[in-house]
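So the mapping is simple: this note's numbering equals the position in the sequence shown, first residue as 1, plus 20.
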Amino acid sequence: MRKSIKAVLLSALVFPGTGHFSVKKPVHGTLLVGITLVCLYFLISKVLEISQNLSAKIQSGEMAYDVDKITQTVTEKLSGSDSQVINISALVIIICWIFGVIDSFRIGLKQDKIQSSK
């Protein structure tokens, strides 16, 4: 399998930056993995915070177990002040994923050309 294809598949299907490790660019890969992990941390921590608050309200009887009410509450929480952090984190993850695929393909293609010319 060509290095470019392997790098693209790793970056696209596994995690942003993993394709860079297969084309021997660990610094680029580490940066992409690190940035993506930080953004995932923000996303997951915010979702857990919202779900824990919501479940505590339901268990205490403060809020009824109603799907429409729960959906409305989650929507209100997500449109609050923390929505920018969530939106920016999601956008950065998408950008890292796309950049990781394109850049690992570009680097792998260069290495494939060098290898085929030998």
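Ideal placement from N, C-alpha and C gives every residue a C-beta, glycine not left out.
Who are the Cβ neighbours of Met83 in its own chain at under 6 Å, not counting the five residues just before and after it? The count along the sequence shown starts at 1 and reaches residue 83 at position 63. Apart from sequence neighbours up to five positions away, the residues of its chain that approach Met83 with a beta-carbon distance below 6 Å are Lys77, ordered along the chain.
According to DSSP, is Phe119 helix, strand or coil? If you number the sequence shown from 1, residue 119 lands on position 99. DSSP places Phe119 in helix when its eight states are reduced to three.
Uninterrupted alpha helix (DSSP H) stretches inside the region 40-87 (no shorter than 4 residues): Complete alpha helix (DSSP H) runs here, min 4: 46-80.
In this structure, does DSSP put Val34 in helix, strand or coil? On the sequence shown, residue 34 is found 14 positions in, with the first residue counted as 1. It is coil, neither helix nor strand.
According to DSSP, is Asp102 helix, strand or coil? For the purposes of this step, residue 102 is taken as the residue at position 82 of the sequence shown. Three-state result, Asp102: coil.
Express the C-alpha separation of Thr91 and Val67 in angstroms, rounding to a whole number. To locate residue 67, count along the sequence shown from 1; it is residue 47. To locate residue 91, count along the sequence shown from 1; it is residue 71. Here the alpha carbon of Val67 sits roughly 13 Å from the alpha carbon of Thr91.
Between the CA atoms of Val53 and Ser137 - distance to the nearest angstrom: What you label residue 137 is simply residue 117 of the sequence shown in a count that begins at 1. What you label residue 53 is simply residue 33 of the sequence shown in a count that begins at 1. Cα-Cα distance, rounded: 32 Å.
Taking Val121 and Ala32 to be in contact with their CB atoms under 8 Å, please state how far apart those CB atoms are, rounded to whole angstroms. Residue mapping note: residue 121 aligns to position 101 of the sequence shown, counting from 1. Residue mapping note: residue 32 aligns to position 12 of the sequence shown, counting from 1. Contact holds; Cβ gap of about 5 Å.
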